Every structure is written in C-alpha cells, then in structure tokens.
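Heads up: the sequence shown begins at -6 in our numbering, then just goes up one per residue.
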Amino acid sequence: MRKALFPGSFDPVTNGHVDVIKRALSLFDGIIVVVAVNAEKNPMFRVDERLSLLREVCEGMPGVEVASFDGLLVEAVREFNVAAVIRGLRAISDFEYEFQMAMMNRSLDERCETVFLMPGPAHSFLSSRMIKEIATLGGDVSPFVPAPVVRALTSKRNGNAPLA
Ligand code: PNS
C-alpha cells in the first residue's frame, strides 16, 4: 500500500482541495488528509469542526482517511508511514512558498518527498481565505465549496452576527 499525506489548514475545505484529493487517489492506494492543528493562528473553524467537515465531504471516497497532526510535517510523514506529501499548486504564485517548504521538509528528512498536483482550471483561483471573506459578507460560495461547508459557513455567519 503506497499512501500519501495531504496536509493543510482546511479552514475550510474547498472544491479545489477535493479535486486534489481525487487526483491524488489516482496515483496512490490511499490518501490521509491531515489537518494541521497549529498552522493557522486565528482559524474560523476549530480543528474538530474542520475534521468533521472533511469526513463528511470525503465520505464515499474509498481510500481516504481524515486525521489531524500537531507539530512538524516530517514527523507526521514518519508517524503515518507515507510515501509522499501531496500539495496543490494553483498558480506560479504558489510555487515559491511550496518549493521552499518542500525543500525544507526534505532537508529535515531526506525521505520526505513532495508531489505537487494542479487542480482543474475551475478551481485554480479558489482559496479558503477568500471563501471565508465572501461568506462572511453574505456572498454565495456554493459554487466553490461542498454543500456541508456552505451550511457550516452560513451557521457561523448567523452565529457570529452582531445582535440587532
Ligand atoms: O493549508 P496550508 O495552510 O497551506 O498548510 C500549510 C501546512 C499545514 C502544510 C504547513 O504549515 C505545515 O506543514 N505545518 C506543519 C509545521 C511544519 O512542519 N512546518 C515546517 C514546514 S517547512
């Protein structure tokens, strides 16, 4: 079994992430999607919320597991005993940071290989940050995120709305 780790903040998971998971599944026997506990200092969704959204979204995708990790990615790679790390590359602007991270991880552990996958063009401009902003301001994010995420963003917005 050759498995790969797909790490990220997933705050929240987008259709772009789902596209990358599906592409990765065609290359590996299994994908472990891991939510980084400390990646984002001020996340909209708690780790347990991000995990349950990912589980709901990945339900019915055989070979996909969802977990969290705290600490260094290279340690998670060892712990989950995977062959590679998957990262999505949307545009050239992603490349510099991703290249730096991949090379740093490889310097920390020579066995840590990173595989970059490009989401389809329909998803190449998506970012969790923009989706949160649009949803918070009342815009329609349903073309960009799975249905459970639309519901979760709506309920956050309602919950966070100031009292009239
Ligand atoms: O979805 P993101 O925010 O782009 O994911 C970034 C993430 C979580 C993959 C990255 O921040 C990470 O690997 N964090 C774990 C800590 C670590 O290993 N840092 C050194 C990487 S060079």
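Glycine included, every Cβ here is placed at the ideal spot set by N, Cα and C.
All of these numbers come straight from a predicted model, not from anything done at the bench.
Are the beta-carbon atoms belonging to residue -3 and residue 14 less than 8 angstroms from one another? no
Express the C-alpha separation of residue 61 and residue 22 in angstroms, rounding to a whole number. 20 angstroms
Would the beta-carbon of residue 1 be found less than 7 angstroms away from any heavy atom of the ligand COA? Absent from the structure shown: the ligand COA. Ligands present: the ligand PNS.
If you follow the beta strand (DSSP E) that residue 58 is in, where does it begin and where does it stop? 57 to 62
Drop a sphere of 10 angstroms on the beta-carbon of residue 96, count the other beta-carbons inside from all chains shown, and report buried for 16 or more, exposed for fewer. exposed
Buried versus exposed call for residue 9 [16 or more other C-beta atoms within 10 Å across all chains shown]: buried
For residue 81, does the count of other Cβ atoms within 10 angstroms reach 16, so buried, or fall short, so exposed? buried
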